[in-house]
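**Q** First the structure, then my questions, so here it is.
Protein chains: 2
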Amino acid sequence: VSTTRRRIRIELAYDGTEYAGWQVQSDRRTIQGTLQEVLSRMHGGTPMSVRGAGRTDAGAHARGQVADCEVDTRLDDERLFHALRCLLPADLRAVALRTVSSAFNSRRDAASKTYRYRLDLSAHGDPFLARYALHHAGPFDPDAVSRALALLPGERDWSSFTAGACEIEDRVRRLTEARFTRPTPEEGWFSFTANGFLTHMVRNLVGTLLEVARGKRAPEREEEILEGKDRRLAGPGAPARGLVLWEVRY
Amino acid sequence: VSTTRRRIRIELAYDGTEYAGWQVQSDRRTIQGTLQEVLSRMHGGTPMSVRGAGRTDAGAHARGQVADCEVDTRLDDERLFHALRCLLPADLRAVALRTVSSAFNSRRDAASKTYRYRLDLSAHGDPFLARYALHHAGPFDPDAVSRALALLPGERDWSSFTAGACEIEDRVRRLTEARFTRPTPEEGWFSFTANGFLTHMVRNLVGTLLEVARGKRAPEREEEILEGKDRRLAGPGAPARGLVLWEVRY
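Chains as they are written, first to last, in my numbering: chain U, 1 to 250; chain X, 251 to 500.
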């Protein structure tokens, strides 16, 4: 019986509500842990190691997460994809799978990522969006938000917008897109694209922008916050439930 | 201190996933139970009685459920609405509230109701719809479904499509609308309007129609099923998660 050891690239979509984030934890349900468990079952119990492009937070979602893993199976890509889909739970879906070069690294090779953050701007809060959006009631000044967003793109040190516990030394990232769209009066989306993101960066940006939207913070202050390189200058982080890892580009 | 005893009409939208249905149960979280609890808190602990237009199943949802309740409070409608909204959980939203005639009965006075049932027709199953739609993979023949649906409207005995345990003697209801729409290739909706529905009627209709969609059952057999007045003639019930009480008309 011949097997084929090779590296696969898996594209994933998930509702992260019932997961303690991407990263494996010994006693909690995580995206990486669930994938590794399922792949391990397909390999007769051999422990498997799955790498992901973005380490999404507990409760955050993904439309286009990319992961990679070395497998050793007689199944071709199509059958492996089918088997994986049968074993994964309904809130964690594989949407594509293919063999890639053994050198592929979904995390290191990512050229850019896009995160989106959804707002429910309805008067009364849509109960079907309670897991997928932040309900923002009260004032929302789109012009102030636009002015603040326009100040963000560029290669900058994002220390003021990262988690206090962030251990990464180099906090410079190049943000290429920061915008807000409102496809319907009740639906708002922030969208951020960068060559990389720091822990909680998007949630802290959104929390700060929502203070701008409410008129509690002048849009022009975004620059000061960035220059101060101090987390205390920015607003509170927005909850994870509105956050979606939208796309990873290579 | 003066209070105002009066009857109010409340319009509700809810994600029913984490409720054991509409009807109050001593040891489980239900829609009616949650409403009664919150209203009781607003009345210093006095037990409250809430009536609803439709007794939705465990896991089924509502966009336009209507309920009524006698209250005794100094708060006017606007303040009562606000207080209720503050106390209800995010997955159970009051969307309107007003005082009505003391004779109003949301259940008995309903002239017609519309239920919709959502299908996820995407190839891989959208994880964000796992709670709100049935993922239907494989063949879906829209023409066969249309032919079957066309046979349904009319004043009929729906015994073949009701739950085995249904204790209602009169099983005749007038169905005025039975259609299927597909706003996008991946999104399918059944829609049924009638002057009343029997227990599990919509779910059993959908389950049977999905067998028609798969080519496992001839569309013309719908009439035979109805005439047989025997639950065993129809297909299996579709799961509650795709079902939404869409609108109640008075």
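Even for Gly, the Cβ is constructed at its ideal location relative to N, Cα and C.
1. Please classify proline 469 of chain X: is it buried, with 16 or more other beta-carbons within 10 angstroms of its beta-carbon, or exposed?
2. Report the option in U:Ala58, U:Gly44 and U:Gly45 whose CA atom is closest to the CA atom of glutamine 32 of chain U.
3. Could you pull the start and end residues of the alpha helix (DSSP H) that aspartate 327 of chain X belongs to?
4. Assuming isoleucine 225 of chain U is part of the beta strand (DSSP E), what are its boundary residues?
5. Is any beta-carbon of chain U found at less than 8 Å from that of arginine 482 of chain X?
6. Can you tell me where the alpha helix (DSSP H) holding alanine 394 of chain X begins and where it ends?
7. Using the beta-carbon of each residue, which ones in chain X are nearer than 8 Å to phenylalanine 128 of chain U?
8. Determine, using beta carbons only, whether leucine 243 of chain U comes closer than 8 Å to chain X.
9. Between the region 109-127 of chain U and chain X, which residues of the former have CB atoms less than 8 Å from a CB of the latter, in chain order?
10. Tell me which residues share the same chain as valine 1 of chain U and place their Cβ nearer than 8 Å to its Cβ, disregarding the 5 neighbours each side in the sequence.
11. Please compile the residues from chain X whose C-beta is within a distance smaller than 9 Å of the C-beta of leucine 92 of chain U.
12. Just the C-alpha distance for lysine 479 of chain X and serine 409 of chain X, rounded to the nearest angstrom, thanks.
13. Do the region 113-125 of chain U and the region 191-208 of chain U touch if we need at least three Cβ pairs shorter than 8 Å?
14. Can you tell me the Cα-Cα spacing of alanine 490 of chain X and arginine 28 of chain U, whole angstroms?
15. Between which two residues does the beta strand (DSSP E) containing valine 71 of chain U stretch?
16. Give the secondary structure of serine 191 of chain U by DSSP, where H, G and I count as helix, E and B as strand, and everything else as coil.
17. Under DSSP, the beta strand (DSSP E) around leucine 262 of chain X begins and ends at which residues?
18. Do you know offhand how far tryptophan 22 of chain U's Cα is from valine 50 of chain U's?
19. Counting along the chain, where does the alpha helix (DSSP H) carrying valine 38 of chain U start and finish?
20. Does the structure place the region 122-132 of chain U close enough to the region 337-346 of chain X that three or more beta carbon pairs sit under 8 Å?
21. Do glutamate 436 of chain X and leucine 371 of chain X count as a contact pair if the criterion is CB distance below 8 Å?
22. By DSSP's criteria, threonine 364 of chain X is part of a beta bridge. Which residues make up the other side?
23. Going by C-alpha distance, which of U:Gly64, U:Gly125, U:Thr56 and U:Arg85 is nearest alanine 137 of chain U?
24. Taking beta-carbon pairs under 8 Å, can you tell me which members of the region 330-355 of chain X lie near chain U?
25. Determine, using beta-carbon pairs with one atom in the region 64-84 of chain U and one in the region 41-48 of chain U, whether at least three such pairs fall under 8 Å.
26. Does DSSP put phenylalanine 430 of chain X in a helix, in a strand, or in coil?
27. Assuming contact is defined by CB atoms lying nearer than 8 Å, are isoleucine 8 of chain U and leucine 97 of chain U in contact in what I supplied?
28. Roughly how many whole angstroms lie between the Cα atoms of threonine 495 of chain X and glycine 302 of chain X?
29. If you measure between the beta carbons of arginine 421 of chain X and aspartate 407 of chain X, is that distance less than 8 Å?
30. Quick check: the Cα distance between threonine 199 of chain U and threonine 162 of chain U, rounded to an integer number of angstroms?
31. Quick check on DSSP: helix, strand or coil for glutamate 268 of chain X?
32. Just mark glycine 294 of chain X as buried or exposed, buried being the case when its beta carbon has 16 or more other beta carbons within 10 Å.
33. Cβ atoms of alanine 178 of chain U and leucine 152 of chain U: under 8 Å apart, would you say?
34. If I'm right that arginine 214 of chain U touches threonine 208 of chain U with Cβ under 8 Å, what's the distance once you round it to whole angstroms?
35. Within its chain, find whatever has a CB closer than 7 Å to the CB of alanine 484 of chain X; leave out the 5 residues flanking it on each side and keep chain order.
36. Between glutamine 315 of chain X and glycine 304 of chain X, which are expected to be in contact by the criterion C-beta below 8 Å, what is the C-beta distance as a whole number of angstroms?
**A** Walking through what the data contain:
1. Here residue 469 of chain X refers to the residue found at position 219 of the second sequence. Its Cβ being crowded by 16 or more others within 10 Å, proline 469 of chain X is buried.
2. Mapped onto the first sequence, residue 32 of chain U falls at position 32. For glutamine 32 of chain U, the nearest C-alpha among the options comes from U:Ala58.
3. What you label residue 327 of chain X is simply residue 77 of the second sequence in a count that begins at 1. Note, aspartate 327 of chain X: alpha helix (DSSP H), 327-337.
4. The sequence position of residue 225 of chain U within the first sequence is 225, counting from 1. First-last for isoleucine 225 of chain U: 221-228, but that is the alpha helix (DSSP H), not the beta strand (DSSP E).
5. Taking the second sequence and counting its residues from 1, the one referred to as residue 482 of chain X is at position 232. Chain U contact via Cβ: absent.
6. Along the second sequence, one-based indexing puts residue 394 of chain X at 144. Taken as a continuous stretch (DSSP letters only), the alpha helix (DSSP H) holding alanine 394 of chain X covers 392-400.
7. Here residue 128 of chain U refers to the residue found at position 128 of the first sequence. Taking a Cβ-Cβ threshold of 8 Å, the residues of chain X close to phenylalanine 128 of chain U are Ala263, Asp265, His311 and Tyr382, in chain order.
8. Residue 243 of chain U sits at position 243 when you count from the first residue of the first sequence. Not one chain X Cβ lies under 8 Å of leucine 243 of chain U.
9. Legend: CB atoms of the region 109-127 of chain U lying less than 8 Å from CB atoms of chain X belong to residues His124, Gly125, Asp126 and Pro127.
10. As a first step, residue 1 of chain U must be located in the first sequence, where it is residue number 1. No answer about valine 1 of chain U holds up, because its pLDDT of 49 lies below 50 and its placement is not dependable.
11. What you label residue 92 of chain U is simply residue 92 of the first sequence in a count that begins at 1. In chain order: Pro377.
12. On the second sequence, position 229 is the one that residue 479 of chain X refers to. On the second sequence, position 159 is the one that residue 409 of chain X refers to. Those two C-alpha atoms are separated by around 5 Å.
13. Three or more pairs of CB atoms, one per stretch, sit closer than 8 Å, so the region 113-125 of chain U contacts the region 191-208 of chain U.
14. On the second sequence, residue 490 of chain X is found 240 positions in, with the first residue counted as 1. On the first sequence, residue 28 of chain U is found 28 positions in, with the first residue counted as 1. In a straight line, the C-alpha of alanine 490 of chain X is about 28 Å away from that of arginine 28 of chain U.
15. Position 71 of the first sequence, counted from the first residue, corresponds to residue 71 of chain U. Here the beta strand (DSSP E) through valine 71 of chain U covers 61-73.
16. The sequence position of residue 191 of chain U within the first sequence is 191, counting from 1. Serine 191 of chain U falls in the strand class under three-state DSSP.
17. In the second sequence, counting from the first residue as 1, residue 262 of chain X sits at position 12. Start and end: 254-264.
18. As a first step, residue 22 of chain U is located in the first sequence; it is residue number 22 there, counting from the start. As a first step, residue 50 of chain U is located in the first sequence; it is residue number 50 there, counting from the start. Rounded to the nearest angstrom, the two C-alpha atoms are 11 Å apart.
19. If you number the first sequence from 1, residue 38 of chain U lands on position 38. Residues 31-41.
20. yes
21. For the purposes of this step, residue 371 of chain X is identified with residue 121 of the second sequence, where counting begins at 1. For the purposes of this step, residue 436 of chain X is identified with residue 186 of the second sequence, where counting begins at 1. Yes, they are a contact pair.
22. Here the question's residue 364 of chain X lines up with position 114 in the second sequence. Beta-bridge pairing links threonine 364 of chain X to X:Thr443 and X:Glu497.
23. The residue given as residue 137 of chain U occupies position 137 in the first sequence. That would be U:Gly125, whose Cα lies nearest to the Cα of alanine 137 of chain U.
24. Those would be Arg335, Ala340, Asp341, Leu342, Arg343, Ala344 and Val345, in chain order.
25. Segment contact: the region 64-84 of chain U against the region 41-48 of chain U, three or more CB-CB distances shorter than 8 Å; contact assigned.
26. Here the question's residue 430 of chain X lines up with position 180 in the second sequence. Looking at phenylalanine 430 of chain X - three-state DSSP - the assignment turns out to be strand.
27. Position 8 of the first sequence, counted from the start, is the residue given in the question as residue 8 of chain U. Position 97 of the first sequence, counted from the start, is the residue given in the question as residue 97 of chain U. Yes, the Cβ-Cβ distance between isoleucine 8 of chain U and leucine 97 of chain U is below 8 Å.
28. Counted from its first residue, the second sequence places residue 495 of chain X at position 245. Counted from its first residue, the second sequence places residue 302 of chain X at position 52. Correcting the residue identity first, residue 495 of chain X is leucine in this sequence and not threonine. Taking the straight line from one Cα to the other gives about 11 Å.
29. Locating residue 421 of chain X in the second sequence gives position 171, where the first residue counts as 1. Locating residue 407 of chain X in the second sequence gives position 157, where the first residue counts as 1. Closer than 8 Å, so yes.
30. The count along the first sequence starts at 1 and reaches residue 199 of chain U at position 199. The count along the first sequence starts at 1 and reaches residue 162 of chain U at position 162. Distance between the alpha carbons of threonine 199 of chain U and threonine 162 of chain U is about 6 Å.
31. Reading the second sequence from its first residue, position 18 is the one you call residue 268 of chain X. Correct three-state label for glutamate 268 of chain X: helix.
32. In the second sequence, the residue the question calls residue 294 of chain X occupies position 44. Counting Cβ neighbours within 10 Å, glycine 294 of chain X comes out exposed, since fewer than 16 surround it.
33. Start at 1 with the first residue of the first sequence, and residue 152 of chain U comes out as number 152. Start at 1 with the first residue of the first sequence, and residue 178 of chain U comes out as number 178. It is a contact, given that the beta carbons lie within the stated cut-off.
34. What you label residue 214 of chain U is simply residue 214 of the first sequence in a count that begins at 1. What you label residue 208 of chain U is simply residue 208 of the first sequence in a count that begins at 1. Contact doesn't hold; Cβ gap of about 11 Å is too wide.
35. Mapped onto the second sequence, residue 484 of chain X falls at position 234. Only Ser410, Phe411, Asn454, Thr458 and Ile475 meet the Cβ criterion.
36. The sequence position of residue 315 of chain X within the second sequence is 65, counting from 1. The sequence position of residue 304 of chain X within the second sequence is 54, counting from 1. Distance from glutamine 315 of chain X to glycine 304 of chain X at the Cβ level is roughly 6 Å; contact confirmed, criterion being Cβ atoms closer than 8 Å.
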